[in-house]
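J.: Residue numbering for the sequence shown follows our numbering, starting at 1061 and increasing by one per position.
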Amino acid sequence: MSIVESLSPRSLRAPESGIVEVVNYARGREGLIPLWVGEGDLPTPQFIAQAASTALLGGETFYTWQRGIPELRAALSRYYARRFGKVLPAEHFYVVGSGMQAIKLAIEALVSPGDDMVYLTPAWPNFAAAAELSGANPIAVQLDFTGGRWQVDLDRIEAAITPKTRVLFVNTPSNPTGWTATREDLANLLAIARRHDLWIMADEIYALYHYAGGHHSSSRAPSFLDVMEDGDRVIFVNSFSKNWSMTGWRVGWIVAPPEMGQVLENLVQYSTSGVPQFLQKGAIVALDEGDAFVQANIDKAARNRDVFCDALIATNRVETLKPDGALYAFLKIDGVTDSRLAALDIVDRINVGLAPGTAFGPGGELFMRACFLRDPKQVEEAADRLARYIAAR
């Protein structure tokens, strides 16, 4: 038996990322415009980095609270009061090592091997992979794509629920589609969860990136916090990555009922044993002093969305509408039948990095994802290159 054959079947089923495949193929090419991963091009702002640096140099390098330092949990409480209009005591918040770990720990808390987790697709591939690594069965329910716009089919979701279903995973605004649930959508999804005694796992990482009514808007997207009541089984997963340009920090959080506190603390203990305290000090400053920076990111994304999508829609060979939320244009290009091969070809021919829709599960195979939270000149140049590439096909 080889070394690989001796590994656990569950670990062997962990899929290779279709996004990373393209990144590795083209990494380091001179002049490449990288729109493939979900991050902006700005580093973490200095006022956040300085707070973490000061704490690091001040010796805040010891073991710390596994639920998060009290000051950060209090800052998260203030953030939700300000942004979501909800008074949630600090006991509702749990600081973890990235949004990805938030997802993994929440799944570990909610499902047992053999349980089903229903999720909406096309979707960021890590949702399903995290469920599989926990022994659960990810059940994909496709969003409808009509006239360039994505919509949820409630009947299709309900039909996918079985006695084994434990969790309904909802990411809105969506990566990669930009689909953004309305308040009515969320109320209907919550009603389904109540009828079937399910947990809802809500990934609202892009809630502030909301382009209401087709124009630039500082309002956030609708949230399950707007429709849920006391006793509803909803757990939220989130991250500092997108709003504050902190993707490399790997700091996230969970919002959950206080009754889950000891369980979540135990899961943190047996994975990372807590987030470094000096990083948490930077996260506090991000929450309390970062609103202007976040708004600048949102405004840049909104302008770039318009420039990028207008240029490609004008080719009359791209089926898409401007997304209502998140950071991505999800493009259906006329003639593309294998988005993985197309992504590699686009790198070779025009030096633009896109993520192939094949990486995002059922319903995404014919699409390409582009992240538009970058320098406006780069986004405009990428759109021009893509328009010329499409015209030459």
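Glycine included, C-beta positions come from ideal geometry on N, C-alpha and C.
The structure presented is a predicted model; accordingly, all values stated were derived computationally and were not measured.
List the whole-angstrom C-beta distance separating P1416 from V1082, where the pair is believed to meet the contact cut-off of C-beta under 8 Å.
T.: 6 Å
J.: Counting along the chain, where does the beta strand (DSSP E) carrying T1181 start and finish?
T.: 1176 to 1181
J.: Within a Cβ cutoff of 7 Å, which residues of the same chain sit near A1086, ignoring the five residues on either side of it in sequence?
T.: L1092, V1407, G1413
J.: What are the residues that DSSP puts in a beta bridge with C1431?
T.: Y1388.
J.: Kindly confirm or deny that the region 1392 to 1409 and the region 1309 to 1326 touch, where touching means at least three C-beta pairs closer than 8 Å.
T.: no
J.: Which word fits D1263, buried or exposed, when buried means at least 16 other C-beta atoms lie within 10 angstroms of its C-beta?
T.: The Cβ neighbour count for D1263, taken over all protein chains shown within 10 Å, is at least 16; the residue is labelled buried.
J.: Assuming contact is defined by CB atoms lying nearer than 7 Å, are V1178 and I1163 in contact in what I supplied?
T.: For V1178 and I1163, no; Cβs fall outside 7 Å.
J.: Which word fits Q1126, buried or exposed, when buried means at least 16 other C-beta atoms lie within 10 angstroms of its C-beta?
T.: buried
J.: Do G1334 and T1124 have their CB atoms nearer than 7 Å?
T.: In contact: G1334 and T1124 (Cβ atoms closer than 7 Å).
J.: Can you look up H1276 in the DSSP assignment and give me helix, strand or coil?
T.: Only weak support is given to the placement of H1276: the predicted model assigns it a pLDDT of 48, under 50, and the value that follows is read from those uncertain coordinates. Residue state, collapsed to three classes: coil.
J.: Exposed or buried, R1454, counting other C-beta atoms within 10 Å across all chains shown (16 or more means buried)?
T.: In the structure displayed, the chain extends from 1061 to 1453; residue 1454 sits before or after that span and is not available.
J.: Is F1144 near W1313, with beta carbons less than 7 Å apart?
T.: no
J.: Between V1147 and A1141, what straight-line distance do the alpha-carbon atoms span, to the nearest angstrom?
T.: 5 Å
J.: Within a Cβ cutoff of 6 Å, which residues of the same chain sit near S1305, ignoring the five residues on either side of it in sequence?
T.: Excluding residues up to 5 positions away in sequence, G1100, L1102, T1104 lie with their Cβ nearer than 6 Å to the Cβ of S1305 in the same chain.
J.: What is the residue span of the alpha helix (DSSP H) that D1245 lies within?
T.: D1245 -> alpha helix (DSSP H) spans 1243 to 1255.
J.: If we count the other Cβ atoms within 10 Å of its Cβ and call it buried at 16 or more, is D1370 buried or exposed?
T.: exposed
J.: Give every residue of the same chain whose Cβ lies closer than 7 Å to the Cβ of E1349, excluding the five residues on either side of it in the sequence, and list them in chain order.
T.: F1107
J.: Which residue wins for smallest C-alpha separation from D1292, given the options S1194, L1228, E1379, G1078?
T.: L1228
J.: If you draw a straight line from the C-alpha of K1382 to the C-alpha of D1366, how long is it?
T.: 7 Å
J.: Around the Cβ of Y1330, are there at least 16 other Cβ atoms within 10 angstroms (buried) or fewer (exposed)?
T.: With fewer than 16 Cβ atoms within 10 Å of its Cβ, Y1330 is classed as exposed.
J.: Spatial neighbours of N1248 within its chain, please: CB distance less than 7 Å, with the 5 preceding and 5 following residues excluded, ordered by chain position.
T.: L1214
J.: Taking the C-alpha atoms as reference points, what is the distance between I1176 and N1197?
T.: One detail in the question is off: residue 1176 reads as Asp in this sequence, not Ile. Near 5 Å, if we compare the C-alpha coordinates of N1197 and D1176.
J.: If you follow the alpha helix (DSSP H) that A1316 is part of, which residue opens it and which one closes it?
T.: Segment: none, A1316 is in no alpha helix (DSSP H) and carries neither H nor E.
J.: Give the C-beta separation of N1343 and L1132 to the nearest angstrom, bearing in mind that I take them to be a contact with Cβ-Cβ under 8 Å.
T.: The amino acid at residue 1343 is misidentified as Asn; the sequence shows Ala. With a Cβ gap of about 6 Å, A1343 and L1132 count as contacting.
J.: State the DSSP-derived secondary structure class of E1425, mapped to helix, strand or coil.
T.: coil
J.: From I1373 to E1379, what distance separates their C-alpha atoms?
T.: 7 Å
J.: With DSSP as the reference, label F1296 as helix, strand or coil.
T.: strand
J.: Does the region 1239 to 1255 come close enough to the region 1283 to 1292 to have 3 or more Cβ pairs within less than 8 Å?
T.: yes
J.: Does DSSP put E1065 in a helix, a strand or coil?
T.: coil
J.: Report the rounded CA-to-CA distance for E1090 versus I1410, giving the unit in angstroms.
T.: When rounded, the distance between both Cα atoms is 12 Å.
J.: For V1439 versus N1357, is the C-beta distance shorter than 7 Å?
T.: no
J.: Taking the alpha carbon of Y1235 as the reference point, which residue from A1169, V1345, I1079 has its own alpha carbon closest?
T.: This sequence places Asn at residue 1235; Tyr is not what is there. Answer by Cα proximity: I1079.
J.: Express the C-alpha separation of R1226 and N1376 in angstroms, rounding to a whole number.
T.: 43 Å
J.: Answer with buried or exposed for I1063, where buried requires no fewer than 16 other C-beta atoms within 10 angstroms of its C-beta.
T.: By the neighbour-count rule (16 or more Cβ atoms within 10 Å), I1063 is not buried but exposed.
J.: Spatial neighbours of S1137 within its chain, please: CB distance less than 7 Å, with the 5 preceding and 5 following residues excluded, ordered by chain position.
T.: L1148, P1149, A1150, F1153
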